[in-house]
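In my numbering, the protein residues as written are 17 to 118. A virtual CB, placed ideally from N, CA and C, is assigned to each residue, including glycine. Predicted model only: the values in this text are computed from it and were never measured.
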Amino acid sequence: MGETEFNKAVANRHFAVAFNQLTWELMSQASRTRTDEDRMRYAAYASAMHWSIVGTQVEMTRAEWLISRVHCVLHEPVEALRHAQRCMQIMEASLEGEGFKE
17 MGETEFNKAV
27 ANRHFAVAFN
37 QLTWELMSQA
47 SRTRTDEDRM
57 RYAAYASAMH
67 WSIVGTQVEM
77 TRAEWLISRV
87 HCVLHEPVEA
97 LRHAQRCMQI
107 MEASLEGEGF
117 KE
C-alpha cells in the first residue's frame, strides 16, 4: 500500500478555499445565530491565514475584502474599515509592481 505524501502547500490551499466557502455559506443565510456569526468571522480569518502562506496578492486582496465584508454584515464598522484599508494597500502595492493580475 502506497503512502500519501503530505504536501503543506496543497493542504493550505485546500483549507483556504474550504474556509472561504464556509464564510460565504454562513454569510448567505437569512438569519444566523451568535455561533454562526462567530464561525463566519473565524472562517474568514482562517481562510486569510491559509492564503497568507500559499496565495498571491490576488488571493490576499480577496481575503481582506471578505473579512471586511463579514465585519460589515456583523455591524462592526471599525474592523470592516481596517480590513478594507488593508485590501486597498495590497491592491495599490501590486499596481506599483507588475500589476494586479489574476
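Scanning its chain for C-beta atoms nearer than 7 Å, with the 5 sequence neighbours on each side dropped, one finds around Asn28 the residues His66, Ile69 and Val70, in chain order. With a cutoff of 8 Å on beta-carbon distance, Ala96 and Cys103 are scored as not near each other. Contact check for Ser47 against Gln73 fails: the beta carbons are separated by 8 Å or more. Within its own chain, the residues whose Cβ lies closer than 6 Å to the Cβ of Ala60, once the five positions on either side in sequence are excluded, are Thr39, Leu82, Ile83 and Val86, listed in chain order. In the structure shown, Leu38 falls within a helical segment according to DSSP collapsed to helix, strand and coil.
Taking the Cα of Gln37 as reference, the smallest distance to any Cα among His99, Arg55, Ile106 and Gln101 is reached at Arg55. Per the coordinates, the alpha-carbon of Met107 lies some 23 Å from the alpha-carbon of Arg57. Ala32 and Ala64 have their C-alpha atoms spaced approximately 7 Å apart. Between Glu41 and Leu90, the CB-CB gap reaches or exceeds 8 Å.
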